[in-house]
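Quick note, the sequence shown lines up with residues 22 to 285 if you use the numbering used here.
From the three backbone atoms N, C-alpha and C, an ideal C-beta is built for every residue, glycine too.
Remember, it's a predicted structure, so these values are computed and weren't measured experimentally.
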Amino acid sequence: MKKVLAAILACSVVFTMLFAFAGCGQKEAKKIKSVDDLKGATIGVQRGTTGDLSASDYTDDGATVNRYSKGADAIMALKNGKVDCVIIDSEPAKAFVENNSGIKILDEPLSEEEYAICLPKDKDELLQKFNKALKELKDDGTLEKIVNNYIGDSKGESAYETPDGTEYPNGELHMATNAAFEPYEFIENSKVVGIDPMIAQAICDKLGYKLVIDNMEFDAIIGAVQSGKADFGMAGMSVTDERKKNVNFTDTYATSTQVIIVKS
């Protein structure tokens with residue numbers, strides 16, 4: 022009997038030691054209160070986005086970047102304690118905070134950026150047509166109305182509608198996007214909607230093309246444009262020197278900032 026009790030006691034001591042050592046190996050969550058706290062942090066991002074590029078700048082300072090196919094997956098990782106913060110564009114960040122309790126956006130922005138439409142390097146004529154259409158849409162106030170339809174106090178009040186009698190004699194234009202980036206593009210009633218699809222529709226209406234939207238992973242968009250599988254890419258895409266090596270960009274149609282989301 023004494024031998025049995027001794028064996029049980031020995032096993033209990035071993036298990037206690039194992040749990041103690043396991044606890045010592047756990048990473049304590051890092052409090053992120055400013056940009057300076059990103060050093061050594063575990064950062065969640067959507068793969069291939071500007072947030073991914075921005076977070077990568079901190080790896081030399083000991084940061085770890087966890088990449089997810091969707092921004093929503095990065096937000097879930099934050100809520101579950103798998104990352105210390107999430108870096109993402111400001112407008113999608115506002116949507117995530119509005120729809121998820123227990124998280125907030127830090128007041129200090131990380132960086133500013135410009136959004137534009139990407140096209141193949143060999144489509145200069147189409148690029149010029151897009152820029153002309155964008156200018157006309159800016160000048161007549163259509164772009165502003167489209168943005169205001171999704172952002173601000175008058176949401177839902179200024180949706181763009183294709184003018185009566187519009188025809189599409191020039192065929193189709195395929196737009197590559199990633200519909201997980203509200204309010205720029207997202208799924209509603211099984212349809213891709215948002216600022217970018219609405220602007221793209223207005224452009225195609227002007228140019229006489231039928232718009233076809235192809236939803237894909239964000240980091241596949243530039244490849245689709247390069248290979249000709251898509252005619253243009255539009256997904257809240259920032260203009261960067263690295264991307265300009267592979268595609269051309271139109272004039273800017275919107276500006277945004279990268280922000281940091283943390284637990285509140």
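(message) Between the alpha carbons of glycine 229 and asparagine 152, how many angstroms are there, rounded?
(response) 15 Å
(request) Identify whether valine 118 lies in helix, strand or coil by the three-state DSSP scheme. (result) helix
(request) Step through the CB atoms of chain D and report whether any lies within less than 7 Å of the CB of lysine 115. (result) Any reference to chain D falls outside this structure, which holds one protein chain only.
(request) Go ahead and label valine 233 buried or exposed: buried means 16 or more other beta carbons lie within 10 angstroms of its beta carbon, across all protein chains shown. (result) exposed
(request) For leucine 140, write down the residues that DSSP places opposite it in a beta bridge. (result) Beta-bridge pairing links leucine 140 to Asn269.
(request) Report the option in Lys54, Gly92 and Gln222 whose CA atom is closest to the CA atom of glutamate 203. (result) Gly92
(request) Indicate the three-state DSSP secondary structure (helix, strand or coil) for aspartate 78 in the structure shown. (result) coil
(message) Given this structure, state the Cα-to-Cα distance separating aspartate 94 from threonine 70, to the nearest angstrom.
(response) Put simply, the backbone Cα of aspartate 94 is about 14 Å away from that of threonine 70.
(request) Report yes if the C-beta distance between isoleucine 109 and valine 118 is below 7 Å; otherwise report no. (result) no
(message) Assuming the contact rule is C-beta atoms closer than 8 Å, glutamate 238 and asparagine 199 should be a hit. Round their C-beta distance to whole Å, please.
(response) 6 Å
(message) Rounded to whole angstroms, what is the Cα-Cα separation between glycine 371 and serine 285?
(response) Because the chain is modelled from 22 through 285, residue 371 falls outside the range shown and cannot be assessed.
(message) Using a Cβ-Cβ cutoff of less than 6 Å, which residues in the same chain neighbour glutamate 74 once the five nearest sequence positions on both sides are dropped?
(response) Note on identity: in this sequence residue 74 is leucine, with glutamate being the wrong assignment. Cβ within range, chain order: n/a, list empty.
(request) Could you check how far apart the C-beta atoms of cysteine 139 and valine 268 are, in whole angstroms? I think they sit under 8 Å. (result) 4 Å
(request) Could you check what DSSP says for tyrosine 274 in three-state terms: helix, strand or coil? (result) coil
(message) Give the list of continuous beta strand (DSSP E) stretches no shorter than 3 residues that lie fully inside the region 148-204.
(response) For the region 148-204, the full-length beta strand (DSSP E) segments reaching 3 residues or more read 193-198 along the chain.
(request) Please state whether DSSP places serine 248 in a helix, a strand or coil. (result) Note: serine 248 maps to helix in three-state DSSP.
(request) Would you mind giving the Cβ-Cβ distance between tyrosine 79 and lysine 60, rounded to the nearest angstrom? I have them listed as a contact below 8 Å. (result) 6 Å
(request) Would you tell me roughly how many angstroms separate the C-alpha atoms of alanine 84 and isoleucine 96, rounded to the nearest one? (result) 18 Å
(message) For leucine 148, which residues in the same chain have their Cβ closer than 7 Å to its Cβ, ignoring the five residues on either side in sequence?
(response) Leu140, Asn269 and Thr271
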